[in-house]
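Enquirer: One structure, pasted below without further comment.
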Amino acid sequence: MVVVLDRHPINQVPKHATSDLNDLQERFFLLQRESFKQKIAHIFLIEGFSSTGKGSILQSLTIRLDPRKFKVYSPYVHQSEDRGYPFLWNFWRVVPRYGEFLFYLNTYYSRLAYLRSEKKINLSEYDHRLLSILNTERILSKDKIIVHKFFLHISKKDQKKRLEDSKKKKKEWELSAFDKDQGEHYKRYFEIFDSILSASRTIDSPWQIITSDKKEDTKLLVFEAIIERLERILKYDSQNALQSINHGMELIP
């Protein structure tokens with residue numbers, strides 16, 4: 001087994017952010033505008049262990065964006081395929097139009113991890129579904145729909161503390177059965193997520209692993225990683241664009 005989560009060989013993002021949140025939000029908005037202009041869609045998969053602040057990160061990512069040009073999808077991880085549809089049917093229903101953003105929480109990777117952890121699928125079915133995911137991401141990336149994958153990592157000790165804090169603050173209602181299951185079986189999920197990350201890293205859709213020991217730093221690191229990749233794909237310098245706007249050389253919509 002390749003221990004990705006311990007050694008971080010896959011695009012590990014630095015632990016310390018250096019940017020201002022407001023500036024990052026403005027730059028992200030400018031990149032959304034440029035993506036729409038170039039008709040390139042982007043799917044942001046926000047994955048990771050429970051209690052890593054994924055919801056708060058999503059809120060910060062979307063607060064400055066044009067609401068007409070993005071959507072958020074967060075299916076309940078326990079939803080069943082018993083209705084007779086393929087594993088990825090729910091995802092295909094929300095694939096963004098060219099130029100739009102999709103933010104995807106509780107993704108098909110979480111679903112796969114849960115099914116594997118609970119032994120609801122065998123190894124053959126697990127491999128089949130993972131292959132379906134990889135084929136889907138490859139098809140999308142070849143058709144101007146770019147998949148960005150972020151995994152928020154946390155130690156067993158820190159996760160346990162955050163779960164206990166939720167109980168003390170009477171916020172246990174915020175925790176799903178999936179969150180609680182992770183807390184009870186951290187080692188099992190660590191091994192499953194590690195296997196998934198190792199098997200699903202591709203040139204077109206690499207994983208970026210971000211340590212979530214400090215939530216505010218994590219938020220900035222996600223922003224910085226997204227902006228860096230978007231600028232490279234779009235060949236657009238959002239920092240210079242923002243400076244031009246601040247100096248009155250361009251009007252921001």
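Everything in the sequence shown is counted per full-length UniProt numbering, starting at 1 for the first residue and increasing by one. Even for Gly, the Cβ is constructed at its ideal location relative to N, Cα and C. Remember, it's a predicted structure, so these values are computed and weren't measured experimentally.
What separation, rounded to the nearest whole angstrom, lies between the Cα atoms of L130 and R93?
Expert: 19 Å
Enquirer: Quick check on the DSSP output: what are the complete beta strand (DSSP E) runs of length 3 or more inside the segment 37-107, in order along the chain?
Expert: Whole beta strand (DSSP E) segments, 3+ residues: 41-48, 70-73, 101-105.
Enquirer: When DSSP labels each residue in this structure, what does H185 get in the three-state scheme?
Expert: H185 sits in coil when the DSSP states are folded into three classes, being neither helix nor strand.
Enquirer: For I40, tell me which candidate among L65, P67, D143, S19 has the shortest Cα-Cα distance.
Expert: D143
Enquirer: Does the segment 193-203 come into contact with the segment 52-63, if we say contact requires no fewer than three beta-carbon pairs (one atom in each stretch) closer than 8 Å?
Expert: no
Enquirer: Return the CA-CA distance between E224 and L24, expressed in angstroms with no decimal places.
Expert: 7 Å
Enquirer: Between the segment 206-222 and the segment 150-157, do three or more beta carbon pairs fall short of 8 Å?
Expert: Contact between the segment 206-222 and the segment 150-157 is present: three or more C-beta pairs spanning the two stretches fall below 8 Å.
Enquirer: Between the C-alpha atoms of I63 and K71, what's the straight-line distance to the nearest angstrom?
Expert: 12 Å
Enquirer: Taking the DSSP output, what are the residues bridged to V147?
Expert: I43
Enquirer: Note down the Cα distance separating residue 258 from L31, rounded to an integer number of angstroms.
Expert: What the structure shows of the chain is the stretch from 1 to 253, and residue 258 is not part of that stretch, so it cannot be assessed.
Enquirer: With the cut-off set at 8 Å, would you say Y108 and I139 are in Cβ contact?
Expert: no
Enquirer: Using DSSP with H/G/I as helix, E/B as strand and the rest coil, what is I209?
Expert: strand
Enquirer: Tell me which residue opens and which closes the alpha helix (DSSP H) that L242 is part of.
Expert: 238-246
Enquirer: R116 to R201, Cα distance in whole Å?
Expert: 19 Å
Enquirer: Express the C-alpha separation of L45 and residue 274 in angstroms, rounding to a whole number.
Expert: Not covered by the structure: residue 274. The range shown for the chain is 1 to 253.
Enquirer: Going by DSSP in three states, L234 sits in which element: helix, strand or coil?
Expert: helix
Enquirer: When the distance is taken between beta carbons, is R68 closer than 8 Å to I227?
Expert: no
Enquirer: Just to confirm the assignment, what range does the alpha helix (DSSP H) spanning T202 have?
Expert: Taken as a continuous stretch (DSSP letters only), T202 belongs to no alpha helix (DSSP H), as it is neither H nor E.
Enquirer: May I have the straight-line CA-CA distance separating P9 from I203, to the nearest angstrom?
Expert: Residue placement at P9 is poorly supported in this model, since its pLDDT is 39, which falls under 50; the coordinates still yield a value, given next. Cα-Cα distance, rounded: 14 Å.
Enquirer: Per DSSP, H153 is paired with what?
Expert: Note: H153 sits in a beta bridge opposite T211.
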